[in-house]
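Peer 1: I'd like to ask some things about the structure below.
Numbering (full-length UniProt numbering), first residue to last: 1 to 643.
Set out below in structure tokens:
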């Protein structure tokens, strides 16, 4: 069922067209990602879909009785109530119905009323029907749902009586998301829902969304999250939209293949045009060949000429280097603890790890365990309560602050860099800023007027110019769009120094980290590998602990009874794997056939033969439909396999 349809939507801000001829369709159970550069209009489109922003042209059709829930990027729940009571407001209808059922039960228990059999029977029938409806609408599980969602968002029973207005901005954002998830709208629209979520909460949210009954539209810069949750991608670029079937990684591959195919067809047509133009130029003036030349000229005039395929939009490009090489032993942290002077309760304690030259250490752990605090201790902004830090020889430290407090808000972009390096030419400073997408009058903007993404790029420009041999980075991918994240990854992978970083971006950690240190309030656990290795080892440890805690006799009995089930499960898994491989081969064959047909359609003798062109076009349409169906089956099999 189609829940919402957008046709030829146009949105302008003044003379600037932000969105042009946008087409988007949402069906039941769709999992849609809207991607694009910062400024491409993603949040604008979501606001229009949610009815919070008007549009200039086009149509939006929403099915009758379809409910819609929207979480904007900077939403925080504002309320004077407690956490639990605020969540209860979502189920006000069920609570009133529950109260009505209790009243009916009391009435049915009245001996005087029971004697009036006709009225008693009528009330009993009404009660039975209302109780069935109450159960169907979740009346017996809404309190369990509240606890489950609040736990998923890192709020526990001890927090339930906390007044919401006393919470931090990040906590209010998580509560706004929790309340929206409990409402369970038919269309769930989420703008950057992963902000302020730690890795544990992100994993919970992925599982929740994968089991969500309605349709979901997401804007997110978390590639790992998108790969786990979406099956359709709409890219916004140069005011236009383009649809891709599959998750984010599939979209990237398909986009590259599409560009190569379009470029191939364009080059072929350009070669054909050049041949026709040369023939006309050489033969038009000669009496013996002028008719053929005129025919070729008419052929050129009638030809539907392709525009040159547009590649990616302009990207930032930069690299990190070092002034000098550090010693092999970069940093030794021994039994470090920290608590604030007015509160003896430690934020963390007993944290120890070593880092050598060339290591890339990712610091992970839930919100509140002091990861940012630890980084500030390493750079000397805070003093540890106890423990020791040994710094290696020839160490130059560069620090990236996720809040960008290192930037001077009153300075211009140009002076923010130039004041630190006054001996450099203005031209050279402008060139560096240009590499970070600040060009022309952009460099004269005051820092306080910049967006979060622009401030992040400016901070990275300052960091690059330091040429430090130890980079300490606190959430460096925050505020960066997906393209900028990939460029930052590439620059850090080529960096010859040492890196310590905090990030909740699992894809970024996986690409960059050589060591993962999981910080907790009571210490730190070291995993010598990337994020995938860390997850694998954590799972192994959890399984070992689970087995250790089970009674040995029960374990043996369970193994005996579940042997046949396990055998059958493995057979089913092998069957799924074979089917997945078969689908992938079919998709590859169909795509090859489409490519072959598209090449034929570029041949003059084919595109001039309307009947044959129509047959090839219809065949490609059928093949594309088949691929779409196969992709849906592929996604279902993969989700079953992962779950």
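Ideal placement from N, C-alpha and C gives every residue a C-beta, glycine not left out.
Work out the CA separation of residue 613 and residue 301 for me, nearest whole Å.
Peer 2: Going by the C-alpha atoms only, they are around 19 Å apart.
Peer 1: What residues in its chain sit with their C-beta under 7 Å from that of residue 605, if we drop five residues either side in the sequence?
Peer 2: Closer than 7 Å at Cβ, skipping near neighbours: no residue.
Peer 1: Check the DSSP bridge columns for residue 592 and list the partner residues they point to.
Peer 2: Bridge partners of residue 592: none, in fact.
Peer 1: In its own chain, which residues sit with a C-beta less than 7 Å from the C-beta of residue 279, not counting the 5 before and 5 after it?
Peer 2: So the qualifying residues of the chain are 293, 296.
Peer 1: Quick one: grab the DSSP three-state call for residue 318.
Peer 2: The answer is coil: DSSP assigns residue 318 none of H, G, I, E or B.
Peer 1: Run the CB neighbour count on residue 476, radius 10 Å, all protein chains shown included, and call it buried at 16 or more, exposed below.
Peer 2: Classification of residue 476: buried, given that the 10 Å Cβ count is 16 or more.
Peer 1: Starting from residue 372, trace the alpha helix (DSSP H) in both directions and tell me its first and last residue.
Peer 2: 371-378 is the span of the alpha helix (DSSP H), which, as asked, contains residue 372.
Peer 1: Please return the same chain residues whose Cβ sits closer than 7 Å to the Cβ of residue 544, not counting the five positions on each side in sequence.
Peer 2: Within the same chain, residue 544 has no close Cβ partners at all.
Peer 1: Buried or exposed: residue 206, going by 16 or more other Cβ atoms within 10 Å of its Cβ?
Peer 2: So residue 206 counts as buried.
Peer 1: Pull the bridge partners of residue 338 from the DSSP assignment, please.
Peer 2: Residue 338 is bridged to 348.
Peer 1: Is residue 12 helix, strand or coil by DSSP?
Peer 2: Three-state result, residue 12: strand.
Peer 1: What residue does the alpha helix (DSSP H) around residue 127 start on, and which one ends it?
Peer 2: Looking at the DSSP string, the run of the alpha helix (DSSP H) that includes residue 127 is 117-136.
Peer 1: Could you tell me the boundaries of the alpha helix (DSSP H) in which residue 519 lies?
Peer 2: Taken as a continuous stretch (DSSP letters only), residue 519 belongs to no alpha helix (DSSP H), being part of the beta strand (DSSP E) at 515-520.
Peer 1: Let me confirm a value: residue 524 is counted as buried when at least 16 other C-beta atoms fall within 10 Å, else exposed. Which label applies?
Peer 2: Its Cβ being crowded by 16 or more others within 10 Å, residue 524 is buried.
Peer 1: Identify the residues that DSSP records as bridge partners of residue 237: which are they?
Peer 2: 240, per the DSSP bridge assignment.
Peer 1: Rounded to the nearest angstrom, how far is the Cβ of residue 526 from that of residue 514, given a contact under 8 Å?
Peer 2: So it is not a contact: roughly 11 Å between Cβ atoms.
Peer 1: What does the alpha-carbon distance come out to for the pair residue 309 and residue 263?
Peer 2: Taking the straight line from one Cα to the other gives about 6 Å.
Peer 1: Give the straight-line distance between the Cα atoms of residue 64 and residue 101, rounded to the nearest whole angstrom.
Peer 2: When rounded, the distance between both Cα atoms is 30 Å.
Peer 1: For residue 652, which residues in the same chain have their Cβ closer than 6 Å to its Cβ, ignoring the five residues on either side in sequence?
Peer 2: Shown here, the chain extends from 1 to 643; a query on residue 652 therefore has no answer.
Peer 1: For residue 626, does the three-state DSSP call read helix, strand or coil?
Peer 2: In this structure, residue 626 counts as helix in the three-state DSSP scheme.
Peer 1: With C-beta atoms as the reference, is residue 362 less than 8 Å away from residue 503?
Peer 2: Yes, Cβ-Cβ distance for residue 362 and residue 503 is below 8 Å.
Peer 1: List the DSSP bridge partners of residue 287.
Peer 2: In DSSP, residue 287 forms no bridge with anything.
Peer 1: My parser needs the alpha helix (DSSP H) runs of 4 or more residues fully inside the stretch 417-485; what are they?
Peer 2: 426-435, 452-466, all fully within the stretch 417-485.
Peer 1: Can you give the beta carbon distance from residue 344 to residue 337, rounded, assuming they're within the 8 Å contact cut?
Peer 2: Residue 344 to residue 337, Cβ: 11 Å. No contact.
Peer 1: In the DSSP output, what is residue 191 paired with across the bridge?
Peer 2: Bridge partners of residue 191: 219.
Peer 1: Cutting at 7 Å between CB atoms, please list the residues of its own chain near residue 191, excluding the five before and the five after it.
Peer 2: Within the same chain, residue 191 has close Cβ partners 43, 46, 71, 72, 73, 219.
Peer 1: Between residue 595 and residue 607, what straight-line distance do the alpha-carbon atoms span, to the nearest angstrom?
Peer 2: Each residue's Cα considered, the two are about 15 Å apart.
Peer 1: Tell me, please, which residues DSSP counts as bridged to residue 647.
Peer 2: The displayed coordinates of the chain run from 1 to 643. Any statement about residue 647 would go beyond what the structure contains.
Peer 1: Among 441, 327, 370, which has the Cα closest to the Cα of residue 391?
Peer 2: Nearest C-alpha to residue 391: 327.
Peer 1: Give every residue of the same chain whose Cβ lies closer than 7 Å to the Cβ of residue 137, excluding the five residues on either side of it in the sequence, and list them in chain order.
Peer 2: Taken in chain order, the residues that qualify are 94.
Peer 1: What residues in its chain sit with their C-beta under 6 Å from that of residue 521, if we drop five residues either side in the sequence?
Peer 2: Cβ within range, chain order: 348, 369.
Peer 1: On the CB-based measure, 16 or more other CB atoms within 10 Å of its CB, does residue 228 come out buried or exposed?
Peer 2: Answer is buried; the Cβ neighbour count reaches 16.
Peer 1: Whose C-beta lies closer than 7 Å to the C-beta of residue 29 among residues of the same chain, with five residues either side of it excluded?
Peer 2: Taken in chain order, the residues that qualify are 215.
Peer 1: Residue 7 by DSSP, collapsed to three states: which one?
Peer 2: In this structure, residue 7 counts as strand in the three-state DSSP scheme.
Peer 1: Where does residue 34 fall in DSSP's three states?
Peer 2: In this structure, residue 34 counts as strand in the three-state DSSP scheme.
Peer 1: Check the DSSP bridge columns for residue 499 and list the partner residues they point to.
Peer 2: Beta-bridge pairing links residue 499 to 360, 471.
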